[in-house]
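These notes concern the structure reproduced below.
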Amino acid sequence: MSAARPRPRAGRTLVAGVGNIFLGDDGFGVEVVRRLDPASLPGGVDVADYGIRGLHLAFALLDGRYDTVILVDALPSDEPPGTLTVLRPDVGDAPQVDARQVDARQADTPLVGTPLVGAPAVVDAHGMSPDVVLRLVRDLGGEIGQVVVVGCRPAVVAERMELSSAVRAAVDDAVDLIGDIVRDPRLVGVGHGT
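Written out as structure tokens, the structure reads:
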């Protein structure tokens with residue numbers, strides 16, 4: 014008999030910055046959460062820098078303590094670099110992770126043993142995109158409530174430790190936007206654009 018998983022607690026929100034600070038604008042999410050002042054946010058809002066630690070983020074979400082997750086990340090789009098986008102993905106519609114899928118860099122490496130049906134894919138713990146993290150949580154039996162992605166169109170994703178000027182200029186706007194979202198949950202469905 015397995016223990017019941019805790020249900021999400023009403024009003025708990027996680028603002029999670031994700032991205033790689035060594036790849037220029039991919040570090041957008043990390044910089045935004047560094048600038049967020051937790052003391053200025055309502056109670057029940059946790060702010061954390063997950064960087065490239067997608068597996069740690071998955072485990073933080075697995076216990077069901079958050080009913081809202083705001084992921085902050087660089088996000089490809091057709092808009093000009095520095096453009097902020099707010100998305101509300103439906104995690105329930107994401108395809109299940111196939112246990113036979115492997116990271117492209119491991120394509121020539123055979124899987125050992127027989128994969129379990131419905132088991133999570135072989136994943137690169139330091140290269141998990143937010144969608145893979147969310148699917149992994151769901152596939153491991155976790156419940157994810159509302160998910161919001163605050164993204165910024167990158168200009169440069171290459172080996173460098175600084176944001177481009179366009180993305181750097183968007184960081185303060187993203188901080189303000191996240192503050193607005195956690196104070197007024199109706200803003201979660203704003204769709205696209207600042």
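Under my numbering, the first residue of the sequence shown is numbered 14, with each subsequent residue one higher.
We treat Cβ as the ideally placed atom computed from N, Cα and C, and that holds for glycine.
Buried or exposed, going by whether 16 or more other CB atoms sit within 10 Å of the CB of Asp38?
Within the sequence shown, numbered from 1, the residue matching residue 38 stands at position 25. Burial call: buried.
Can you tell which of Glu175, Pro94, Asp86 and Leu74 has the C-alpha that lies nearest to the C-alpha of Val46?
The residue labelled residue 46 in the question sits at position 33 within the sequence shown. The shortest Cα separation from Val46 among Glu175, Pro94, Asp86 and Leu74 belongs to Asp86.
What are the partner residues of Val161, as DSSP defines its beta bridges?
The sequence position of residue 161 within the sequence shown is 148, counting from 1. Here Val161 is bridged, per DSSP, to Ile83.
Looking at the C-beta of Pro102, does it have a partner C-beta in chain B at a distance below 8 angstroms?
Protein chain content of the structure displayed is limited to a single chain, and chain B is not contained in it.
Output the distance between the C-alpha atoms of Pro128 and Ile65, rounded to the nearest integer angstrom.
Taking the sequence shown and counting its residues from 1, one reaches residue 128 at position 115. Taking the sequence shown and counting its residues from 1, one reaches residue 65 at position 52. Residue placement at Pro128 is poorly supported in this model, since its pLDDT is 36, which falls under 50; the coordinates still yield a value, given next. Roughly 26 angstroms separates the two Cα atoms.
To the nearest angstrom, report how far apart Arg196 and Ser53 are at their CA atoms.
As a first step, residue 196 must be located in the sequence shown, where it is residue number 183. As a first step, residue 53 must be located in the sequence shown, where it is residue number 40. Each residue's Cα considered, the two are about 10 angstroms apart.
If we ignore side chains and look at the alpha-carbon of each, how far apart do Gly154 and Phe72 end up?
Your numbering for residue 154 matches position 141 in the sequence shown. Your numbering for residue 72 matches position 59 in the sequence shown. Between Gly154 and Phe72, the alpha-carbon positions lie close to 11 angstroms from each other.
Assuming the contact rule is C-beta atoms closer than 8 angstroms, Leu190 and Leu74 should be a hit. Round their C-beta distance to whole Å, please.
Along the sequence shown, read from residue 1 onward, the residue named residue 190 stands at position 177. Along the sequence shown, read from residue 1 onward, the residue named residue 74 stands at position 61. Actually they do not touch by this definition, with Cβ atoms about 22 angstroms apart.
Name the DSSP beta bridge partners of Arg173, please?
Residue mapping note: residue 173 aligns to position 160 of the sequence shown, counting from 1. Answer by DSSP bridge pairing, in chain order: Leu36.
Going by alpha carbons, who is nearest to Leu36 out of Val170, Glu92 and Ile157?
Translated into positions along the sequence shown, residue 36 becomes position 23. When each option's Cα is compared against that of Leu36, the closest is Val170.
Which residues in the same chain have their Cβ closer than 8 angstroms to the Cβ of His69, if we skip the five residues on either side of it in sequence?
Walking along the sequence shown from the start, residue 69 turns up at place 56. For His69, where only same-chain residues beyond five positions count, the Cβ hits under 8 angstroms are Tyr63.
Between Ile34 and Val82, how many whole angstroms is the CB-CB distance? I'm expecting something under 8 angstroms.
Locating residue 34 in the sequence shown gives position 21, where the first residue counts as 1. Locating residue 82 in the sequence shown gives position 69, where the first residue counts as 1. In fact, because the Cβ distance is near 21 angstroms, the residues do not count as touching under 8 angstroms.
What's the C-alpha gap between Asp59 and Val163?
In the sequence shown, the residue the question calls residue 59 occupies position 46. In the sequence shown, the residue the question calls residue 163 occupies position 150. Cα to Cα, the separation comes out at about 16 angstroms.
In terms of alpha-carbon separation, which member of Gly67, Pro51, Val160 and Gly95 lies closest to Val145?
Translated into the one-based positions of the sequence shown, residue 145 becomes position 132. Minimum Cα-Cα distance from Val145 among the listed residues Gly67, Pro51, Val160 and Gly95 corresponds to Gly67.
Under the assumption that Leu84 contacts Val31 (Cβ atoms under 8 angstroms), give the Cβ distance between them as a whole number of angstroms.
The sequence position of residue 84 within the sequence shown is 71, counting from 1. The sequence position of residue 31 within the sequence shown is 18, counting from 1. Going by Cβ atoms, the distance from Leu84 to Val31 rounds to 6 angstroms, so yes, they are a contact pair.
Might you give, ordered along the chain, the residues of its own chain that have their beta carbon closer than 6 angstroms to the beta carbon of Ala179, omitting 5 neighbours on each side?
What you label residue 179 is simply residue 166 of the sequence shown in a count that begins at 1. Leaving aside the five residues that flank Ala179 on each side, the residues in its chain whose CB is nearer than 6 angstroms to its CB run, in chain order, Pro94, Gly95 and Ala168.
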